[in-house]
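These notes concern the structure reproduced below.
Protein chains in written order, with the working numbering: chain V, 289 to 627; chain H, 289 to 627.
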């Protein structure tokens, strides 16, 4: 595979799954100690990567869950963050300025803050109540953050007796199979990634849609990969919202990407899949159901749909940066100029 | 003012404010009866118009608040919607298919559903537990829906003793001044609207940002006006997220719109205002603080920032449709083709 370090990737994803026992124990401890809500608080893309887990809790758990932007909480405040809050704060670098400020804000209010970071010797690792460190890099962190936040959500639901279909241990056992299955999925997808990158390398604009757990990946891939790392314009739009405005932009030649997952919102993406090809030839459907995952149950597949998408899309990014002669690490502004 | 029916506008906005007493009594009754959460459930743009109210509750009230898309709740479900839920369901037409389905879904689960509609003889009016009817049209409904949902939020906070600075009656008294003040604001803004429409009429793409209560208006104006009604590409992005990806698209000639309001998130929009003009000349700042509102307190101004923005932006739309020879009512697909 093009520019792919397999052992490194396997290590990072196995590292994320390997945090299962610690995540379970931290969550159980906080709930035993009376935590009354859980707050996911990540800046920008990494905040988005918490959304599938937050959404799982929102639809299936009665524990109040909040997703709050670090930059907003510091200026707006929130009556929900206090001594009975468990705050989950992700940051790959461990240094994101807004999150460092928000962590201090949460601590002042007595909240317990658990950080998910890529590096231990950083402010977000050192100033947290509990710091869960798993090294990752930009190109490999989506999957690992999705997995870690999923484990948080499952641990909450286990502690509250809200897991129905499968036990926490059952899911973890299947997640342990995932790193090598993801590598196989990437390998199988590589020719499609190369061909699609070739086809779209000069395309200046993409509408990207998803629903349920695939919507955050649509949002993330648009904003954090195509916009930030390739300077390509995107319009991430939820598959439900798509029909309330953005659909009018569709005409011949307009690129529409549809991310299909295997959770209950799949029919919402299928509505777009039925509509868009009638009006443009430039429709790309990326469907997790095409990925072979022996040993993984349908229920677990529905939980890891965004992980699968991220794994496949990384292959696309890898080809795009080469074909477009635009390294994924090049920035005009981010962390280069002050704001 | 161009294509503006002043008495009609005044009637619609006064009608929204005139619902204050009924909204207060419905909300009080439901909370007295033991409602344990409130759920805003609107499809597409009108769902977005509930966001400032939901956000006010999220930051200042301890009543659990949820915003759920009708299309999603029907397929995904939600453990939160049940006999103890007060569901607020807005729909201008009263006929939105996804909302009709979601209403039935909510009723089956025993929730109390209050609909906010523009027409009484419609499924969403007739099938609701309580239907609050205020006629409006596409070009005038933003303000009225913002106002009605604000009244819902204030009624919740009053009932729970969570209103600090001003009483419900105080705010309503000021809101009664608003319809004619909004007309004056439009009149004062008219020359700027005309000039700006002239300047951007051929511009194919705008990044539109806001924070706090102005973020939903950025999202709404991009998706429901420029995309749906003018077929112009937009990238609505929260002012915090802007710095985590979308900023890399900014270069000379790229249009960036910044919606500034008067709530506590104002500093987040000011960060974009400081950044963007260094890299592109095409920055447009629309600031509610420029609007004269005699008799309205600073606290109330902060609550109605999105209402002010919507009132001003309607003037821009009105000039755009004429200059671009593209009526705001023309659609390629919406309600013309099945999906």
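For each residue, glycine too, the CB sits at the ideal point set by N, CA and C.
Closest Cα partner of residue i within the set the options
{"i": "residue 598/V", "options": "462/V, 611/V, 351/V and 467/V", "result": "467/V"}
{"i": "residue 376/V", "options": "481/V, 351/V, 416/V and 566/V", "result": "416/V"}
{"i": "residue 429/V", "options": "486/V, 514/V, 323/V and 406/V", "result": "406/V"}
{"i": "residue 435/H", "options": "627/H, 596/H and 604/H", "result": "596/H"}
{"i": "residue 295/V", "options": "339/V, 470/V and 386/V", "result": "470/V"}
{"i": "residue 327/V", "options": "313/V, 297/V, 320/V and 378/V", "result": "378/V"}
{"i": "residue 420/V", "options": "578/V, 380/V and 528/V", "result": "380/V"}
{"i": "residue 321/H", "options": "400/H, 612/H and 334/H", "result": "400/H"}
{"i": "residue 459/V", "options": "404/V, 361/V, 418/V and 438/V", "result": "438/V"}
{"i": "residue 457/V", "options": "618/V, 290/V, 312/V and 624/V", "result": "312/V"}
{"i": "residue 371/H", "options": "397/H, 481/H and 600/H", "result": "397/H"}
{"i": "residue 578/V", "options": "600/V, 563/V, 559/V and 564/V", "result": "600/V"}
{"i": "residue 425/V", "options": "387/V, 550/V, 593/V and 334/V", "result": "334/V"}
{"i": "residue 543/V", "options": "408/V, 490/V and 585/V", "result": "490/V"}
{"i": "residue 290/H", "options": "310/H, 556/H, 427/H and 369/H", "result": "427/H"}
{"i": "residue 337/V", "options": "501/V, 611/V, 540/V and 625/V", "result": "501/V"}
{"i": "residue 530/H", "options": "560/V, 445/V, 317/V and 622/V", "result": "622/V"}
{"i": "residue 357/H", "options": "383/H, 382/H, 345/H and 389/H", "result": "389/H"}
{"i": "residue 624/H", "options": "624/V, 585/V, 593/V and 563/V", "result": "563/V"}
{"i": "residue 616/H", "options": "571/H, 512/H and 522/H", "result": "512/H"}
{"i": "residue 483/V", "options": "606/V, 553/V and 465/V", "result": "606/V"}
{"i": "residue 555/H", "options": "586/H, 499/H and 583/H", "result": "499/H"}
{"i": "residue 395/V", "options": "545/V, 418/V and 408/V", "result": "418/V"}
{"i": "residue 444/V", "options": "613/V, 584/V, 317/V and 626/V", "result": "317/V"}
{"i": "residue 584/H", "options": "461/H, 509/H and 572/H", "result": "461/H"}
{"i": "residue 545/V", "options": "551/V, 570/V and 475/V", "result": "570/V"}
{"i": "residue 628/H", "options": "481/H, 508/H and 474/H", "result": "Nothing in the structure corresponds to residue 628/H, since chain H is present only between 289 and 627."}
{"i": "residue 481/V", "options": "433/V, 309/V, 541/V and 611/V", "result": "611/V"}
{"i": "residue 576/H", "options": "492/H, 593/H, 551/H and 384/H", "result": "593/H"}
Anticipated Cβ contact below 8 Å, residue i with residue j, distance rounded
{"i": "residue 495/H", "j": "residue 525/H", "result": "6 Å"}
{"i": "residue 568/H", "j": "residue 454/H", "result": "Contact flag wrong, Cβ pair sits at about 40 Å."}
{"i": "residue 402/V", "j": "residue 314/V", "result": "6 Å"}
{"i": "residue 574/H", "j": "residue 547/H", "result": "5 Å"}
{"i": "residue 325/V", "j": "residue 373/V", "result": "5 Å"}
{"i": "residue 359/H", "j": "residue 331/H", "result": "7 Å"}
{"i": "residue 404/V", "j": "residue 305/V", "result": "In fact, because the Cβ distance is near 13 Å, the residues do not count as touching under 8 Å."}
{"i": "residue 447/V", "j": "residue 319/V", "result": "5 Å"}
{"i": "residue 423/H", "j": "residue 603/H", "result": "Actually they are not in contact, since the Cβ atoms of residue 423/H and residue 603/H sit about 21 Å apart, beyond 8 Å."}
{"i": "residue 504/V", "j": "residue 386/V", "result": "So it is not a contact: roughly 19 Å between Cβ atoms."}
{"i": "residue 263/H", "j": "residue 591/H", "result": "Nothing in the structure corresponds to residue 263/H, since chain H is present only between 289 and 627."}
{"i": "residue 393/V", "j": "residue 353/V", "result": "Actually they are not in contact, since the Cβ atoms of residue 393/V and residue 353/V sit about 19 Å apart, beyond 8 Å."}
{"i": "residue 497/H", "j": "residue 557/H", "result": "7 Å"}
{"i": "residue 560/V", "j": "residue 527/V", "result": "5 Å"}
{"i": "residue 382/H", "j": "residue 410/H", "result": "3 Å"}
{"i": "residue 630/H", "j": "residue 442/H", "result": "Look at the range of chain H in this structure, 289 to 627, and you will see that residue 630/H is not part of it."}
{"i": "residue 510/V", "j": "residue 522/V", "result": "4 Å"}
Residues that DSSP places opposite residue i in a beta bridge
{"i": "residue 311/H", "result": "In DSSP, residue 311/H forms no bridge with anything."}
{"i": "residue 526/H", "result": "498/H"}
{"i": "residue 289/V", "result": "DSSP output for residue 289/V lists no bridge partner at all."}
{"i": "residue 574/V", "result": "547/V"}
{"i": "residue 373/V", "result": "325/V"}
{"i": "residue 378/H", "result": "404/H"}
{"i": "residue 421/H", "result": "405/H"}
{"i": "residue 354/H", "result": "327/H"}
{"i": "residue 521/H", "result": "493/H"}
*Residues in the stretch 401-427 of chain V with C-beta within 8 Å of chain H's C-beta atoms, listed in sequence order?*
none
_Contact the stretch 512-519 of chain H vs the stretch 525-535 of chain V: 3+ CB pairs below 8 Å_ = yes
*asked:* Under 9 Å, CB to CB, which of the residues in the stretch 562-576 of chain V have a partner in chain H?
replied: Listed in sequence order: 562, 563, 566 and 567.
*asked:* Beta carbons nearer than 9 Å to chain V: which residues of the stretch 437-464 of chain H have them?
replied: 450
*For the stretch 335-349 of chain H against the stretch 300-308 of chain H, are there 3 or more C-beta pairs whose distance is under 8 Å?*
No: fewer than three Cβ pairs fall under 8 Å.
*asked:* Output needed in chain order: residues of the stretch 543-562 of chain H with a Cβ under 9 Å from some Cβ in chain V.
replied: 551, 552, 553, 554, 555, 556, 559, 560 and 562
*May I ask you to list, following chain order, the residues of the stretch 336-352 of chain H that have a beta carbon less than 9 Å from some beta carbon of chain V?*
336, 343, 346, 347, 348, 349, 350 and 352
*Give, in chain order, every residue of the stretch 507-523 of chain H whose Cβ lies closer than 7 Å to some Cβ of chain V.*
511, 512, 515, 516, 519, 521 and 523
*Determine which residues of the stretch 478-509 of chain H have a Cβ less than 8 Å from any Cβ of chain V, and write them out in chain order.*
493, 499 and 500
*Return the residues of the stretch 605-626 of chain H that lie within a Cβ-Cβ distance of less than 7 Å from chain V, sorted by chain order.*
619, 620, 621 and 622
*Which residues, taken in chain order from the stretch 529-543 of chain H, show a beta carbon closer than 7 Å to some beta carbon of chain V?*
529, 531, 532, 533, 534, 535, 536 and 537
*Closer than 8 Å, Cβ to any Cβ of chain H: which residues of the stretch 364-395 of chain V, in chain order?*
364, 365, 366, 367, 368 and 386
_Contact list for the stretch 301-334 of chain V against chain H, Cβ threshold 7 Å_ = 331, 332 and 333
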